[in-house]
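> Top line first, the protein sequences correspond to chains A, B and C.
Here the working numbering is used: position 300 in the first sequence is 300, and no number is missing along the way.
Heads up, the working numbering is the position in the second sequence plus 1000, with the first residue counted as 1.
Heads up, the working numbering is the position in the third sequence plus 2000, with the first residue counted as 1.
Got a structure for you, questions after.
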Amino acid sequence: MSKTFKIGGIHPHDNKISVNAAIEDFPVMERAFISMSQHLGAPAEPVVVKGDKVKTGQLIAKSSGFISANVHSSVSGTVHSIEMMPDLAGNLAQHIVINVEGDEWMEGIDRSPEIMREIILSSQEIIDRIAQCGVVGLGGAAFPTHIKLSPPPGKKAEFLLVNGAECEPYLTSDYRIMVENSEEILIGVKLMMSALGVKKSYLGIEENKPKAIKRMKEIASKGYPEIKIVSLKKRYPQGGEKQLIDAIVGRQVPSMGLPIDVGVVVQNVGTALAVYEAVQKNKPLFEGVVTVTGKCMPEQRNFRMRVGTTFESMIFAVGGFPKGAEKLVSGGPMMGKAVSRIEAASVKSTSALLLLTEEETKRGEESNCIRCAKCVDACPMGLEPYLLNRLSRANRLEDLEENMVHDCIECGSCLYVCPADIPLLDTIRLSKGKVLKIIRSRPKK
Amino acid sequence: MTATIIFTIASLTILGLVLALILYFTAQKFKVVEDPRIDEVETILPGANCGGCGYTGCRAFAEGCVNSESMDGLFCPVGGNDVMKKVAEYLGRTVAEKVPQVAVVRCNGNCDSRPKSNNYDGYTSCAVMASLYAGDTDCRYGCLGQGDCELSCEFDAIKMNPRTGLPEVDEEKCTACGACVKACPKMIIELRNKGPKGKRIFVSCINKDKGGVARKACAVACIGCTKCQKVCAYDAITITSNLAYIDYNKCKLCRKCVVECPTNAIWEVNFPVRVPKKVVAEVEKQ
Amino acid sequence: MKKLIVSPAPHLHGNESTKSLMRDVIIALVPSLLVSVYFFGFSAIKLALVGVATAVAVEYVIQRYIVKTKITVNDYSAALTGLLLSLNLPPNSPWWIMFIGSVVAIGIAKMTFGGVGQNLFNPALVGRVFLLVSFPVIMTDYSIPTSWFREGIDAGSGATALSIVKEGLAKGLTMDQIFTDNNFSYAEMLFSKIGGSVGEVSALALILGFVYLLIRKVIRPHIPVAIIGTVLVFSGIFWLINPAIHADPLFNVLTGGILIGSIFMATDYVTSPMSKKGMVIYGIGIGIITMLIRYWGAYPEGISFAILIMNATVPLLNMYFKPAKFGKEVKNG
């Protein structure tokens, strides 16, 4: 019996058209643009200067502050410059630009395909290694993994949940690694379990990926009894942290709380693979699987791609802009970010480049709310988007707080279902930011 | 018949009296003692409730005026000096006169000089757009054109011009309440002194990028070339991070910088139309 | 350079629109319309056409010339109101009754509040109740017009089953006597030969529409189920107390406007609550008020009034019955 979360949710067509495209290595570009702000928190500080020779996997920027992560070179070559460049949204971020010369990797990185099963490091050593290798959460928010694996004092993790739901339509990068690197992922999960000191772990996969479920179950039953593979119903936003916890262990994270408040830590399968590579293979996080997909494209592909590849070169690699493609989305169609500058480069957590046509993506003209309550039914947090939208437009922050606008997970379900094409999430997201700011500015008791 | 009428009148009268008594005693019991001057001051104020004074409304401002010792820091931008004088007179205080100000839009990148590089397709709101990305042109600083300032204006004084995609201020109506200044997420709008007879000069750009980048994004951007700074005899122009700024307190309205600016980023307002010197010379000859 | 479209997430949109939802409701009414055409012939078609045309025209005229806003007649909501109203009139009504009803429904009950989505009361019902109060004779004359397809129904069915029962009870007859006197049977109620307004004639056709709406996920079952359940329980209790003077629950559900009211009128998006809890309470309220009017009121049928009364409570229901929130609040999280 497949599990799922309790409140709300929608069923968009999953469109996993790139599902059978095996992962291929993306050609190393001529120039890499590596952002210092690839993670949540403070930007990393460069430790190289213009003209330095760097190797693939070499540390080029150090974490600066408590919530921050190291950045490693994804290519080998010469540092061309360190400058402020626009990211995909056009906002400036510091980038290290490297002219690529060959592909020489750092010594010590194990590039053999052999699977290293034996865990020799202690839990603290594992966390240190993860921090050194700059691993961040690959589920979307890019939160530094080593911090997530060190719960604050007084809080104890009971379970580790691994997110293989991939509930976003179109995306297949997690699916491909679950099929192609199944055992590595399970070892990564085991490493994180040992870092957290938990005894039990669940890996949730949605039903629309039967191959991945079967394969994972097979391997888990052979050597990883502490990891339980859970089949989940296909429903968006199953991969949301709070929804996944609700679906698998039936606990609800309290408002303004974190998963650790209910004794759970959630990690993505991509992160598990990155942890495996970091700890067992000594390979920092500088490449990841990126799905390049879209209905308007002749061919959909899954690439293993170095960090710092421009979107332009990705499009070039699949034969240029297909006819009709009007929107580029980095990530999934529900929560991904629209790319306004194709010269911007990929980051660690880039999971997909999605090309949409105007017909697929264009928003309809807004009309009156007919109070159909479809948004209320769709909201996985039990909020009333129609009301929040109205309050947001009137800027009634107190009422917004009373109606829990800060609980919104920005999954986009309300906007997806709205028959009147009201930009519900646009206005709610804005007021959520304002309300959170007010709540955080209050003195803590 | 008569009895019914008398009974009705009597019962209603008694009922009325009893209710009036109840109302009277409740009013006495829950009476709020308030300085009567607050009401008086409120009647003097324009009653726009715009919040331009920093208080939540005219009533709150009136309370603020009555309860404070002096009139320092209290100013009603809508009513201006006249109203403040009246308030001060009523309260028996003196008030320093304030120079009238007006909202100024510091972006002149219209559709032609600042071409769009992508098409925005979200909620019509500058705040939403600004939180999403840098904007639909290559200029990261410029006007987003969704009209948050127009919405914020209580006086109908700032309007989006559909032709240029930029807001325009009606200086007759503008009360310098500052609502649009707060509403603009790009901080383009500034309150500047209105100047003698409304004459003023300002840099209509806030692009802090290097000259080349700014110029590429917008033909009328300030490129930080320092030409205006050099030509200014009154030391009114400062240039910080590739952007010129004219201090309105120092500017003597000589208009030399306007001519000097290679990108026409410096604007003059309410000056008589310039007649080119050649023409003047020719006219004099004749 | 290519100009890309940029917008906040999500980048996809579902297929539903106001138009498609309204169209689905109209499609769900088609079986009832067909049955009524079968029974009442041209009269049913005439009423439907006048109703739809007037409703659309009134909305267009008001939006175009009076309030001068965006014209929304192509979202089918006005057409739906007109059609619903036509199905709520006695089959023999003259066309001008339909015309006045539509003008009131759209002009007063909908457009004065600001058009689609803004009205407090269900426009079709406001139209119907306006007519019922203003033209009581015409609105309670349920005589059957001759049909093209068959000879007119047995003479004498000039009243609805509910009014027959009410009058019979007033004369001191028992339910059994009324049933045998009038040859009532449940099969007839399902496919119906019993008098009633245009859309009420066949329970089966209405239920068909209900199933369609549920399959298309246009409405949720909460409101109709709550209303019908309440009616069943309420009348069941009285029937058990004294079956001689109270009709049985099934009779109460199958006759009168309970089905069309609960399926098509009470579920109107605009005038029904947003949360499921609210919907259930709203439905129970309608059920109880309907039965109160049926048993003790002056009118034989009360669902129109019941729905309008409960419409007025919707803002309150929305305020006090919120959907269940995810998780619980922690202090200073």
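Built from N, CA and C at the ideal position, the CB exists for glycine as well.
1) When DSSP builds the beta bridges, which residues end up paired with L425/A?
2) With distances taken from CA atoms, which of Y1133/B, N1264/B, C1153/B and T1094/B is nearest C1222/B?
3) Helix, strand or coil for G2004/C per DSSP?
4) Can you have a look at G1224/B and say buried or exposed, based on whether 16 or more other CB atoms are within 10 angstroms of its CB?
5) Let me check one thing: in DSSP terms, what residues is K53/A bridge-paired to?
6) Check whether chain B comes within 8 Å of N91/A, counting only Cβ atoms and requiring the distance to be less than that.
7) Are V198/A and F159/A close, meaning C-beta to C-beta below 8 Å?
8) Roughly how many whole angstroms lie between the Cα atoms of L1191/B and V1105/B?
9) Could you check whether L273/A and G348/A sit closer than 8 Å to each other, using their CB atoms as the reference points?
10) Should E241/A and P254/A be called a contact, given that it needs their Cβ atoms to be closer than 8 Å?
11) Buried or exposed for K2003/C, please, with buried defined as at least 16 other CB atoms from any protein chain shown within 10 angstroms of its CB.
12) Quick one: using the 10 Å Cβ neighbour count with 16 as the cut-off for buried, is P225/A buried or exposed?
13) Check N1193/B in the structure and name its three-state DSSP category.
14) In terms of residue numbering, what span does the beta strand (DSSP E) encompassing G164/A cover?
15) With a 10 Å radius around its C-beta and 16 neighbouring C-beta atoms as the bar for buried, classify A2244/C as buried or exposed.
16) Between the region 361 to 372 of chain A and the region 414 to 429 of chain A, do at least 3 Cβ pairs fall closer than 8 Å?
17) Quick check: V318/A and R301/A, are their CB atoms within less than 8 Å of each other?
18) Of all the alpha helix (DSSP H) runs that stay within the bounds of the region 2077 to 2110 of chain C, which reach a length of 4 or more residues?
19) Under 8 Å by Cβ, that's how I've got A32/A and V79/A pegged, so tell me the actual separation to the nearest angstrom.
20) Are the Cβ atoms of S2020/C and V2198/C separated by less than 8 Å?
21) So which residues on chain A does S1204/B lean against when the C-beta distance must stay under 9 Å?
22) Would F26/A be called buried (16 or more neighbouring beta carbons within 10 Å of its own) or exposed?
23) Do P333/A and P2010/C count as a contact pair if the criterion is CB distance below 8 Å?
24) Please state whether DSSP places A2055/C in a helix, a strand or coil.
25) G433/A versus chain B: which residues are under 9 Å apart at the beta carbon?
26) Short of 6 Å in beta carbon distance, which residues of its chain neighbour R2150/C, apart from the five on each side in sequence? Order them along the chain.
27) Which of the three DSSP states is assigned to T1240/B in this structure?
28) Taking S81/A as the reference, give the member of D261/A, D52/A, L355/A and H72/A with the closest Cα.
29) Output the distance between the C-alpha atoms of D2075/C and Y1123/B, rounded to the nearest integer angstrom.
30) In the structure shown, what three-state DSSP assignment does D2075/C receive?
31) In whole angstroms, what is the alpha-carbon distance linking A1176/B and G1054/B?
32) Any idea which residues DSSP pairs L1166/B with across the strands?
33) Indicate the three-state DSSP secondary structure (helix, strand or coil) for S2020/C in the structure shown.
34) Check whether the Cβ of K2002/C lies closer than 8 Å to any Cβ atom in chain A.
35) Pull up the distance between the alpha-carbon of A89/A and that of S68/A, whole angstroms please.
36) For I2177/C, count neighbouring C-beta atoms within 10 Å of its own C-beta (all shown protein chains included) and say buried if the count is 16 or more, exposed if not.
Answer, in terms of the structure:
1) Its beta-bridge partners do not exist; DSSP assigns none.
2) N1264/B
3) According to the sequence shown, residue 2004/C is Leu rather than Gly. Strand.
4) buried
5) T78/A
6) yes
7) yes
8) 9 Å
9) Per the sequence shown, residue 348/A should be read as Lys rather than Gly. Contact flag unset, no.
10) no
11) exposed
12) exposed
13) strand
14) F159 to G164
15) exposed
16) yes
17) yes
18) 2077 to 2087 and 2095 to 2102
19) That pair is no contact at about 10 Å.
20) no
21) Correct list: empty, because the minimum Cβ distance to chain A is about 22 Å.
22) buried
23) yes
24) helix
25) S1131
26) Legend: pLDDT at R2150/C = 49, less than 50; position of this residue unreliable, no value from coordinates given.
27) strand
28) D52/A
29) 22 Å
30) helix
31) 12 Å
32) N1161/B
33) helix
34) yes
35) 21 Å
36) It should be noted that the sequence gives Gln, not Ile, for residue 2177/C. Q2177/C should be labelled exposed.
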